[in-house]
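Numbering (the working numbering), first residue to last: 1 to 248. From the three backbone atoms N, C-alpha and C, an ideal C-beta is built for every residue, glycine too. In this text, all values refer to a predicted model and were calculated from it rather than measured experimentally.
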Ligand code: BTN
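Given below as structure tokens:
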């Protein structure tokens with residue numbers, strides 16, 4: 001019998017939804033109600049799936065893996081960006097293990113198959129009265145067999161499409177990811193994060209406040225920042241934000 005998240009992680013409070021607005025939004029509601037953590041929320045369909053930078057995440061019924069892991073940050077938790085990068089590597093390793101697909105990572109946290117984005121990650125926090133994060137939510141969406149994307153993303157979005165078993169993929173991601181959430185000092189994801197980057201050495205556009213500037217992506221630094229050099233020779237380490245890249 002295949003191991004399930006419930007059997008592998010007995011402490012995990014697992015809630016499965018046929019349909020929900022967004023597993024991240026539901027996770028936040030449940031944290032505020034004092035629900036037991038750590039918690040895993042999965043959905044077969046999201047009616048208001050959310051992406052980074054206020055975007056939506058298209059999540060039609062039964063064509064993707066949509067889930068959120070919610071946990072109390074360990075002491076030593078420093079930044080959500082590193083956790084998101086650890087999650088991106090967890091996702092990449094799980095997909096490679098199950099399918100052998102040649103997937104890559106677009107900084108900060110998008111998973112690509114060739115020129116198409118097939119998965120994204122939205123990390124959020126619920127802040128307590130102390131101003132410190134009381135819970136962290138890592139939401140992951142993987143397009144498995146989604147075929148018809150809305151027009152605005154049809155050119156960039158794709159699906160893994162290899163008949164991968166959704167439950168197996170969830171299990172493999174959790175096996176990689178949960179140890180990182182329990183030990184924020186573990187930065188062993190950095191090697192694969194660099195190895196599978198699809199932006200280093202490429203011309204990119206850095207988008208800030210709606211303004212796009214051409215640059216070259218030089219390296220991923222030890223702290224996970226992306227070092228870029230602009231046309232005028234100035235260099236900048238980007239910690240968050242957005243870049244675009246044209247895949248040929
Ligand atoms: C992005 O590509 O910008 C991030 C997408 C994150 C999507 C996942 S699907 C499960 C979880 N619930 C959401 O509403 N968003 C995340």
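With fewer than 16 other CB atoms across the displayed protein chains lying within 10 angstroms of its CB, residue 230 is exposed. Distances from the CB of residue 24 to the heavy atoms of the ligand BTN include at least one below 7 Å. At a Cβ-Cβ threshold of 8 Å, residue 123 and residue 181 do not count as neighbours.
Proximity of the beta carbon of residue 51 to the ligand BTN is indicated: a heavy atom of the ligand is located closer than 7 Å.
Residue pairing of residue 138 in beta bridges, as defined by DSSP: 69, 123. Closest option to residue 204, judged by alpha-carbon separation, among 194, 210, 223, 218: 218. In this structure, residue 139 has its beta carbon less than 7 Å from a heavy atom of the ligand BTN.
For residue 84, the enclosing alpha helix (DSSP H) stretches over residues 80-99. Residue 44 is positioned such that its CB atom lies closer than 8 Å to that of residue 62. Residue 69 and residue 165 have their C-alpha atoms some 19 Å from each other. Per the C-alpha coordinates, the member of 71, 46, 103 positioned closest to residue 60 is 46. Every beta strand (DSSP E) stretch that sits fully inside the stretch 160-214 and reaches 3 residues is listed by chain position as 203-208. The C-beta of residue 160 has 16 or more other C-beta atoms within 10 Å across all chains shown, which makes the residue buried.
The DSSP-derived three-state label of residue 241 is coil. Within 10 angstroms of the beta-carbon of residue 5 lie 16 or more other beta-carbons, which makes it buried.
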